[in-house]
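Colleague: Note that the protein sequences, when read in sequence, are chains E and G. Heads up: the first sequence is residues 73 to 333, going by this note's numbering. Heads up: the second sequence is residues 4 to 259, going by this note's numbering. Before I ask anything, let me first share the structure, which is written out below as structure tokens.
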Amino acid sequence: MSNSFVELNKVRLRYSEGDDLALDTTDMKIRKGEFIAVVGPSGCGKSSLLKLVSGLMPPSEGNVIVDAHEVAGPLKIVGMAFQNPTLLPWRTTLDNVLLPLEIVKPHRNRLRKHKTEYIARAKALLATVGLEGYEDKYPWELSGGMQQRASLCRALIHEPDLLMLDEPFGALDAFTREELWDILQNLWMVRPFTVILVTHDLREAAYLADTVYVMSKRPGRILVARENTLARPRDQETTFTQPFTDLVHELRSHIRDVRAA
Amino acid sequence: MTNRTNLSKASPWISAAVLFLLWEGIVRLFHIPVYVLPTPSASLEAAWQYRDAIWMHAVHTLYTTLFGFAIAVVFGVVLGALVGSSKAIYIAANPLLVGFNSVPKVALVPVLVMWFGIGTVPAIITAFIISFFPIVVNVATGLATLEPELRDVLRSLGATRTDILFKVGFPRALPYFFASLKVAVTLAFVGSVISETVASNVGVGYLMLSASSKFNMPLVFAGLLVIAVMGIVMYEFFNIIERRSTKWANRANPDG
Numbered sequence: 073m074s075n076s077f078v079e080l081n082k083v084r085l086r087y088s089e090g091d092d093l094a095l096d097t098t099d100m101k102i103r104k105g106e107f108i109a110v111v112g113p114s115g116c117g118k119s120s121l122l123k124l125v126s127g128l129m130p131p132s133e134g135n136v137i138v139d140a141h142e143v144a145g146p147l148k149i150v151g152m153a154f155q156n157p158t159l160l161p162w163r164t165t166l167d168n169v170l171l172p173l174e175i176v177k178p179h180r181n182r183l184r185k186h187k188t189e190y191i192a193r194a195k196a197l198l199a200t201v202g203l204e205g206y207e208d209k210y211p212w213e214l215s216g217g218m219q220q221r222a223s224l225c226r227a228l229i230h231e232p233d234l235l236m237l238d239e240p241f242g243a244l245d246a247f248t249r250e251e252l253w254d255i256l257q258n259l260w261m262v263r264p265f266t267v268i269l270v271t272h273d274l275r276e277a278a279y280l281a282d283t284v285y286v287m288s289k290r291p292g293r294i295l296v297a298r299e300n301t302l303a304r305p306r307d308q309e310t311t312f313t314q315p316f317t318d319l320v321h322e323l324r325s326h327i328r329d330v331r332a333a
Numbered sequence: 004m005t006n007r008t009n010l011s012k013a014s015p016w017i018s019a020a021v022l023f024l025l026w027e028g029i030v031r032l033f034h035i036p037v038y039v040l041p042t043p044s045a046s047l048e049a050a051w052q053y054r055d056a057i058w059m060h061a062v063h064t065l066y067t068t069l070f071g072f073a074i075a076v077v078f079g080v081v082l083g084a085l086v087g088s089s090k091a092i093y094i095a096a097n098p099l100l101v102g103f104n105s106v107p108k109v110a111l112v113p114v115l116v117m118w119f120g121i122g123t124v125p126a127i128i129t130a131f132i133i134s135f136f137p138i139v140v141n142v143a144t145g146l147a148t149l150e151p152e153l154r155d156v157l158r159s160l161g162a163t164r165t166d167i168l169f170k171v172g173f174p175r176a177l178p179y180f181f182a183s184l185k186v187a188v189t190l191a192f193v194g195s196v197i198s199e200t201v202a203s204n205v206g207v208g209y210l211m212l213s214a215s216s217k218f219n220m221p222l223v224f225a226g227l228l229v230i231a232v233m234g235i236v237m238y239e240f241f242n243i244i245e246r247r248s249t250k251w252a253n254r255a256n257p258d259g
């Protein structure tokens with residue numbers, strides 16, 4: 073499988089020796105530039121999956137391969153965003169977005185000399201998510217949706233190959249959430265990076281992902297990998313079409329089975 | 004609106020004036036003898052009468068206190084950073100720190116005198132050991148309560164421990180740090196004055212002790228007032244620095 077970018081081979085996970093399995097035998101293959109979503113009941117180990125792939129947590133058995141290398145420690149090419157935007161309150165929006173560049177090589181060594189160039193890049197990115205004019209605001213001066221947009225920009229500024237999203241829109245109202253789906257889809261279509269999105273929201277998964285993985289109750293296992301071939305770009309209208317509704321319906325019945333099991 | 008803000012600005016002065024008036028009134032009303040409790044007016048009079056001596060001793064106490072406090076800041080930040088950034092160090096050091104903090108520092112002064120002799124050095128050390136604990140605790144708390152998601156974000160960018168400490172840990176711990184400075188500096192006064200009282204021949208503590216041995220109670224209370232004023236001034240000083248440097252943490256009331 074030379075064309076898979078992320079590969080999980082018979083991965084099992086226990087948080088500590090002697091614990092019950094958090095994640096049972098899990099196999100996944102994600103192509104480069106693929107957008108996948110993972111759905112499942114709460115506590116099924118979805119977030120652990122992200123930590124495994126990003127190398128923040130080692131698997132107890134099996135291995136994780138990213139970009140043809142076995143993952144042994146934290147990867148350095150990952151962007152992450154969570155439900156909690158975790159912006160730094162003492163930094164302006166712009167400085168928050170620039171944070172990864174102060175850490176990731178080679179940017180961290182170039183940042184001081186090429187400051188204007190990087191600032192222009194951050195401003196351009198902020199503009200694409202609709203945050204033009206908010207560069208000098210502090211996080212608490214932004215609404216929840218705006219903070220989440222800024223958090224997305226922070227996750228993408230260093231052009232990571234892999235984007236990890238852990239229920240990033242979970243705390244937002246429905247309208248803002250759908251707006252951000254479009255923003256994320258646009259960003260991804262302009263520069264396709266590989267995305268792993270963990271979510272509770274089946275419509276979100278159906279709207280955004282190329283493949284939707286359904287996980288079982290703890291210990292988590294992948295029960296279904298459902299291809300989603302709806303045409304892109306998907307928009308508001310897509311969500312009212314029959315194929316979309318059918319897909320959500322199908323995912324819902326999987327989840328129902330899982331919860332009943 | 005302006006009347007209200009004026010009132011709230013004046014309120015500390017008003018409450019202090021009320022306290023002094025009450026004190027004065029009670030002492031006069033009940034004819035409390037001066038060697039038990041002097042009136043505030045008598046204390047202020049004594050403060051004026053002995054102003055040169057008080058000034059000399061107060062400057063010395065201030066110097067001693069700030070010296071000890073400065074050591075406490077450096078030591079507190081270093082130890083707090085160690086304790087706050089490593090769980091193992093936290094577990095190892097915590098009982099020792101708590102135990103040490105529970106020891107009454109007055110009991111240590113005779114020990115320090117045995118080691119360093121009578122005078123300024125034990126006072127500096129007492130100020131230091133009484134005031135570093137809140138700094139350690141607050142710096143450690145500020146560092147240890149870093150959101151795990153944020154740590155994950157940074158680690159998955161390839162951040163080292165030092166990166167995380169400097170980019171996020173220290174800035175985040177700054178409000179905790181300044182809050183502890185306010186407490187620590189007032190404690191440092193307690194430490195230096197205790198030590199001066201027990202074993203010194205200079206400083207406000209010594210001044211008060213020698214005044215009380217001459218039954219000069221107004222002068223003792225003048226000394227107490229001087230210490231209180233120095234404490235308030237230092238507290239306010241760090242309060243202002245705190246507000247200036249960590250505006251983001253006080254956003255609910257930007258004017259303080």
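Just so it is clear, CB atoms sit at the ideal spot from N, CA and C, and this is done for glycine as well. Please read these numbers as outputs of a predicted model, since none were measured by experiment.
Given a cut-off of 9 Å, decide if E/H230 and E/V143 are closer than it, judged by their beta-carbon atoms.
Modeller: Locating residue 143 of chain E in the first sequence gives position 71, where the first residue counts as 1. Locating residue 230 of chain E in the first sequence gives position 158, where the first residue counts as 1. The Cβ atoms of E/V143 and E/H230 do not sit closer than 9 Å to each other.
Colleague: Between E/A94 and E/L85, which are expected to be in contact by the criterion C-beta below 8 Å, what is the C-beta distance as a whole number of angstroms?
Modeller: In the first sequence, the residue the question calls residue 94 of chain E occupies position 22. In the first sequence, the residue the question calls residue 85 of chain E occupies position 13. Right, their Cβ atoms sit about 5 Å apart.
Colleague: Which first and last residues belong to the beta strand (DSSP E) in which E/I294 is found?
Modeller: Here residue 294 of chain E corresponds to residue number 222 of the first sequence, with the count starting at 1. That run of the beta strand (DSSP E) goes 294 to 299.
Colleague: Per DSSP, E/N135 forms a beta bridge with which residues?
Modeller: Sequence index remark: in the first sequence, residue 135 of chain E carries index 63 (1-based). The partner list for E/N135 (beta bridge, DSSP) reads E/N81.
Colleague: By a C-beta neighbour count over all protein chains shown, 10 Å radius and 16 as the cutoff for buried, is G/S198 buried or exposed?
Modeller: As a position in the second sequence, residue 198 of chain G is number 195, starting the count at 1. Buried, since its Cβ has 16 or more Cβ neighbours within 10 Å.
Colleague: Taking the continuous beta strand (DSSP E) assigned at G/M220, which residues delimit it?
Modeller: Stepping through the second sequence from its first residue, residue 220 of chain G is reached at position 217. Per DSSP, G/M220 belongs to no beta strand (DSSP E); it is in the alpha helix (DSSP H), 220 to 248.
Colleague: If the criterion is Cβ atoms closer than 9 Å, does the pair G/L153 and G/S88 meet it?
Modeller: The sequence position of residue 153 of chain G within the second sequence is 150, counting from 1. The sequence position of residue 88 of chain G within the second sequence is 85, counting from 1. No.
Colleague: Below 8 Å on the Cβ atoms is my contact criterion, and I expect G/A191 with G/F72 to pass it. Report the Cβ-Cβ distance as a whole number of Å.
Modeller: As a first step, residue 191 of chain G is located in the second sequence; it is residue number 188 there, counting from the start. As a first step, residue 72 of chain G is located in the second sequence; it is residue number 69 there, counting from the start. Correct: roughly 4 Å between the Cβ atoms.
Colleague: Closer than 7 Å by beta-carbon distance: list the chain E residues that pair up with G/K12, in chain order.
Modeller: Start at 1 with the first residue of the second sequence, and residue 12 of chain G comes out as number 9. Going along chain E, no residue has its Cβ under 7 Å from G/K12, so there is no contact; the nearest lies around 27 Å.
Colleague: Taking only beta-carbon positions, decide if G/R158 is within less than 9 Å of chain E.
Modeller: For this step, residue 158 of chain G is matched to residue 155 along the second sequence. Yes, its Cβ sits closer than 9 Å to a Cβ of chain E.
Colleague: Consider the Cβ of G/T249: report whether some Cβ of chain E lies at a distance smaller than 9 Å.
Modeller: Within the second sequence, numbered from 1, the residue matching residue 249 of chain G stands at position 246. Yes, contact with chain E.
Colleague: Using beta carbons (cut-off 9 Å, strictly below), is G/D166 in contact with chain E?
Modeller: In the second sequence, counting from the first residue as 1, residue 166 of chain G sits at position 163. G/D166 counts as touching chain E.
Colleague: Do the CB positions of G/A187 and G/V81 come within less than 9 Å of each other?
Modeller: Here residue 187 of chain G refers to the residue found at position 184 when the second sequence is read from its first residue. Here residue 81 of chain G refers to the residue found at position 78 when the second sequence is read from its first residue. Contact flag unset, no.
Colleague: Would you say E/M236 reaches chain G, if we count a Cβ-Cβ gap shorter than 9 Å as a contact?
Modeller: Within the first sequence, numbered from 1, the residue matching residue 236 of chain E stands at position 164. Interface criterion met: the Cβ of E/M236 is under 9 Å from a Cβ in chain G.
Colleague: Name the two residues that bound the continuous beta strand (DSSP E) containing E/M287.
Modeller: Here residue 287 of chain E refers to the residue found at position 215 of the first sequence. Looking at the DSSP string, the run of the beta strand (DSSP E) that includes E/M287 is 283 to 287.
Colleague: What does a CB cutoff of less than 7 Å around G/T67 pick up in its chain, not counting 5 residues either side in sequence?
Modeller: Taking the first residue of the second sequence as 1, we reach residue 67 of chain G at position 64. These residues qualify, in order along the chain: T123, A126, I127, A130, S195, G206.
Colleague: Report the rounded CA-to-CA distance for G/G259 versus G/R246, giving the unit in angstroms.
Modeller: Residue mapping note: residue 259 of chain G aligns to position 256 of the second sequence, counting from 1. Residue mapping note: residue 246 of chain G aligns to position 243 of the second sequence, counting from 1. Model confidence at G/G259 stands at a pLDDT of 37, short of 50, so the residue's coordinates are unreliable and nothing is read from them.
Colleague: From E/K101 to G/I132, what distance separates their C-alpha atoms?
Modeller: Against the first sequence, residue 101 of chain E aligns to sequence position 29. Against the second sequence, residue 132 of chain G aligns to sequence position 129. Those two C-alpha atoms are separated by around 59 Å.
Colleague: Under 8 Å by Cβ, that's how I've got E/S223 and E/P157 pegged, so tell me the actual separation to the nearest angstrom.
Modeller: In the first sequence, counting from the first residue as 1, residue 223 of chain E sits at position 151. In the first sequence, counting from the first residue as 1, residue 157 of chain E sits at position 85. Under the criterion of beta carbons closer than 8 Å, E/S223 and E/P157 qualify as touching, at roughly 4 Å.
Colleague: Answer with yes or no whether the minimum CB distance from G/E245 to chain E is below 9 Å.
Modeller: Locating residue 245 of chain G in the second sequence gives position 242, where the first residue counts as 1. No, because no Cβ of chain E sits closer than 9 Å to the Cβ of G/E245.
Colleague: With a threshold of 9 Å between beta-carbons, can G/V171 be considered close to chain E, or not?
Modeller: What you label residue 171 of chain G is simply residue 168 of the second sequence in a count that begins at 1. Answer yes: the Cβ-Cβ gap between G/V171 and chain E drops below 9 Å somewhere.
Colleague: Span of the beta strand (DSSP E) holding E/V270?
Modeller: The residue labelled residue 270 of chain E in the question sits at position 198 within the first sequence. It spans 266 to 270 - the beta strand (DSSP E) in which E/V270 sits, taken as one unbroken run.
Colleague: Taking its Cβ as the centre, do 16 or more other Cβ atoms sit within 10 Å of E/T188, making it buried, or is it exposed?
Modeller: What you label residue 188 of chain E is simply residue 116 of the first sequence in a count that begins at 1. When all chains shown are included, E/T188 counts as exposed.
Colleague: Is there at least one Cβ from chain E nearer than 9 Å to G/A147's Cβ?
Modeller: The count along the second sequence starts at 1 and reaches residue 147 of chain G at position 144. Not a single C-beta of chain E is nearer than 9 Å to the C-beta of G/A147.
Colleague: Output yes if chain E places a C-beta closer than 9 Å to the C-beta of G/L184; else output no.
Modeller: Counting from 1 along the second sequence, the entry for residue 184 of chain G is found at position 181. Interface with chain E (9 Å Cβ-Cβ cutoff): G/L184 is excluded.
Colleague: State buried or exposed for E/P178, treating a residue as buried only when at least 16 other CB atoms are found within 10 Å of its CB.
Modeller: In the first sequence, counting from the first residue as 1, residue 178 of chain E sits at position 106. Exposed: under 16 other Cβ atoms inside 10 Å.
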